[in-house]
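Structure record follows, encoded as structure tokens.
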Amino acid sequence: MLNTSPLLYHCILSLSAAHLHQNDIGQVNISLQYQTGAISNLSKQLAETSIVNSKEPDTRRVESSGTQSSKSLAVKDDLLLGAIFLGMTSAWHEASSTGLPHLYGTRHLFKGWISSNNLDHPDRRSDMTPVQTFLSSSMMYWEAMSSFIHDQSLDVLDYLEIFDQSNAASSATPCPWTGVGSAISLHLAKVGTLARNKRALRSLNLVKNGERYRQALHVDLLNEASSLELAILSYELPVMYRVQDVGDPRTPSDYLLVIARCYQMSALLEIYRAFPELATSNIVEESGHLRKNGIEGRPQPNVVVQLAFDILKMLRGMSASSGTVSTQTLPLLIAGSALGQRFSSGTMESQPPNTDILHFREFVRARVLHLYRTVGLRIIKHAAIILNDVWSLMDTMDSGGECIQQEVHWIDVMCEKRLETMLG
């Protein structure tokens, strides 16, 4: 496609120049010129895109096979890919750019692309080309990375439900963004959406009768979270022999499985942090599956920290030179921000020792620094600042030696410091 698409040609030049000149302000105009060229070609191609009658899937119910007549754009692969590249790499040019305007527009293009390729039919989805698999996986990943930086309703993500092939053989086809965990990216996008929805309920405390509405909405969100938890736990990693070799000796197939598991556990960690009522038992891996360990009872305070430890142990077990390193920012941020020290001696609960907390914090610092030196994008600095501020708030004690603010969420710190960016 690169040889025949001026849009993709300018996109590749734009993101390459942006990466090359990350810390060279004097050369920033080069990448911006290519970015402008890419946007110009995108606009031109959009103007030339025809509108056709189509049958779109009824996404109001995932299990429904009904369709509805509508008009949609006849979207070609290179047009959709160019829009994805422009949006997902906008923060490469300016770290504070979220790429959200691109995301909103690309959603419409993606729906037109589904219709153009008849992918609303299950038979066509089971026989997708590598390019089609890459495009659908890219949208899932983009939604996952963006879900933590803007508010939206959960049904916005319905358009991707038809690509949730959690247990299908196609999930073993590696994607540069998601590895072999595309379905987990969709689950993570829902988790980020619910986490922000839960945090938005706090504003109702300022409204008359707000607490009553807040409690009712919380019940709705908790029910959604409970269903999502079950979906995440039931996710099955593809077996090793079905994972295609990516041709990189530094990134063996088992690394791709480990990253998928890290994202799966990160999704669980965030859902338990947002809805501690669900954290009733530690998570263990058994025969390649995650499950709750033991009899569920009242919420357990250590579930989140234990998940953070498990995620970081897996990341630590992979070589820092692995090709997966560029996809580790969000798991490092999620797990690292859960590492709160325990200062109170009055609790009867068994808590992880602070030596373990500090040890894993140091690993996170070192890996994030390595990420920045290796990948070289300023957005990684945002993650480092967020982590340091979260830990600082967690460690702040009052005159009596009690932690002032044990419950600190990285989303709050990110928003307060205006550090929203594309995290992947």
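For the sequence shown, position 31 matches number 49 in the numbering used here, and the numbering has no gaps at all.
Every residue gets a Cβ at the ideal spot worked out from N, C-alpha and C, and that includes glycine.
Source: prediction; values computed, not measured.
- Per DSSP, reduced to three states, the secondary structure at Glu-179 is helical.
- Distance from the Cα of Gly-199 is smallest, within the candidate group Asp-272, Ser-221, Leu-137, for Asp-272.
- Taking the Cα positions, Gln-63 is about 48 Å away from Pro-294.
- The Cβ atoms of Glu-247 and Leu-296 sit closer than 8 Å to each other.
- Residue pairing from DSSP places Ile-69 in a beta bridge opposite Leu-91.
- Contact check for Ala-278 and Gly-197: beta-carbon distance about 6 Å, within the 8 Å limit, so the pair qualifies.
- Taking C-beta atoms as the reference points, Ile-69 and Leu-97 fail to come closer than 8 Å.
- DSSP places Lys-435 in the coil class of the three-state scheme, outside both helix and strand.
- CA-CA distance, Leu-287 to Ser-245, rounds to 15 Å.
- Distance from Asp-95 to Met-19 at the Cβ level is roughly 7 Å; contact confirmed, criterion being Cβ atoms closer than 8 Å.
- Distances from the CA of Thr-298 to each of Ala-292, Ser-284, Gln-318, Asn-311 were compared; the closest alpha carbon is that of Gln-318.
- DSSP places Glu-304 inside the beta strand (DSSP E), whose first and last residues are 301–304.
- When secondary structure is reduced to three states using DSSP, Leu-325 falls in the helix class.
- Inter-residue distance for Arg-217 and Gln-346 is about 25 Å (C-alpha atoms, whole angstroms).
- Contact annotation: Gly-354 and Leu-405 have beta-carbon atoms nearer than 8 Å.
- For Arg-391, the enclosing alpha helix (DSSP H) begins and ends at 372–393.
- Nearest to Met-412 by alpha-carbon distance, out of Ala-402, His-400, Glu-425, is Glu-425.
- Under the DSSP assignment, Leu-411 falls in the alpha helix (DSSP H) whose first and last residues are 397–413.
- Annotation for Leu-308: no alpha helix (DSSP H) segment contains it, though the beta strand (DSSP E) segment containing it runs 307–310.
- In the DSSP annotation of this structure, the continuous segment of the alpha helix (DSSP H) that includes Ala-278 starts and ends at 271–292.
- In the assembly as shown, Met-283 is a buried residue. Its beta-carbon has 16 or more other beta-carbons within 10 Å.
- For Ile-43, no alpha helix (DSSP H) encloses it, and the DSSP letter there is neither H nor E.
- Shown here for Ile-429: same chain residues with a beta carbon closer than 8 Å to its own, the five before and five after excluded, namely Phe-166, Ala-213, Arg-214, Arg-217 in chain order.
- For Val-209, the uninterrupted alpha helix (DSSP H) run begins and ends at 200–218, by DSSP.
- Boundaries of the alpha helix (DSSP H) harbouring Ile-352: 347–354, taken from the DSSP string.
- Counting only residues of its own chain and dropping the five nearest sequence neighbours on each side, His-111 has a CB closer than 7 Å to the CB of Ala-36, Ser-49, Leu-50, Gln-53.
- If you draw a 10 Å sphere on the C-beta of Leu-175, you find 16 or more other C-beta atoms in it, and that means buried.
- Residue pairing by DSSP places Gly-197 opposite Cys-193 in a beta bridge.
- Secondary structure at Tyr-253: coil, using DSSP grouped into helix, strand and coil.
- A residue is called buried once 16 or more other Cβ atoms fall within 10 Å of its Cβ, and Arg-291 is buried on that count.
- With at least 16 other beta carbons inside 10 angstroms of its own, Gly-117 counts as buried.
- Distance between Leu-172 and Gly-210, taken at the CA atoms: about 10 Å.
- With respect to Ala-190, Arg-396 sits apart: the two C-beta atoms are not nearer than 8 Å.
- Three or more Cβ pairs closer than 8 Å define a contact, and the region 231–242 falls short of that threshold against the region 316–331.
- Look at the beta carbons and you see the region 381–392 touching the region 327–342: at least three pairs across the two are nearer than 8 Å.
- As the crow flies, the alpha-carbon of Ser-23 is around 30 Å from that of Asp-182.
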